[in-house]
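Asks:
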Amino acid sequence: MSFRNLTDDELEELKDEFVQYLVANGVDADLWEQYKKDETEKAELFVQQFSNVVLQKSLEKVEYLEHRTPSDLKLFYCGKEGIDLIALKSSVVDLTNMAEFNPEDFKNIEIFKASKPYTKNREVELFELTEKGCQITSHMLYDLLKQMV
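Just so you know, my numbering puts the end of the sequence shown at 922, numbered straight through with nothing missing.
1. Is it buried or exposed for Thr813, if we count other Cβ within 10 angstroms and need 16 for buried?
2. Looking only at its own chain, which residues have a Cβ that is under 6 Å from the Cβ of Gln821, when we skip the five neighbours before and after it?
3. Return the bridge partner residues of Phe885 from the DSSP annotation.
4. Classify Lys880 as buried or exposed, calling it buried when 16 or more other Cβ atoms lie within 10 Å of its own Cβ.
5. Is the CB of Asp811 under 8 Å away from at least one CB in chain D?
6. Going by C-alpha distance, which of Leu902, His840, Ser863, Glu877 is nearest Tyr915?
7. Under a three-way DSSP split, which group does Arg895 fall into?
8. Use the C-beta contact count for Leu868: other C-beta atoms within 10 angstroms, 16 or more gives buried, fewer gives exposed.
9. Determine, using beta carbons only, whether Gly855 and Lys830 come nearer to each other than 8 Å.
10. Quick check on DSSP: helix, strand or coil for Lys834?
11. In the DSSP assignment, find the unbroken alpha helix (DSSP H) run with Leu784 in it and report its ends.
As structure tokens, then:
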């Protein structure tokens, strides 16, 4: 499975790990420079493989995602076998700033709940959600809303 290549900034932050990855694959500094200069496809393949390892490991740790717009708030619990959704929808209340909510606002908010098993590999589905704008988040808001629905 292939996700995306890490950006230059992400690779820079993981420079030590990338060097270790190259060494573990028999690529020293001189050979890496040669690949970058003369065999760019081979260099790109190492970056792609390293990116996949990093993203796979990161996505394995994800438990909660959220996606916010002024009219929608979607909170996901990403279990091992499936994903649970709590969604809020409103045409009146701005759902991007829940800190300013008051109890009256809830009269203008619809709350939905759903669950589904993964139809693809778990990490692939989570990656697709992040590519569509979901952000990794904590359990706090999800847990609070779960008690309400």
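For glycine and all other residues, C-beta sits at the position ideal for the given N, C-alpha and C. Since we're looking at a predicted model, the values are computed, not measured.
Replies: So, from the listed chains and residues:
1. exposed
2. Asn778
3. Phe885 pairs with Ala860.
4. exposed
5. Judged by its chain identifiers, the structure shown contains no chain D, having just a single protein chain.
6. His840
7. helix
8. buried
9. It is not a contact, given that the beta carbons lie outside the stated cut-off.
10. coil
11. 781 to 786
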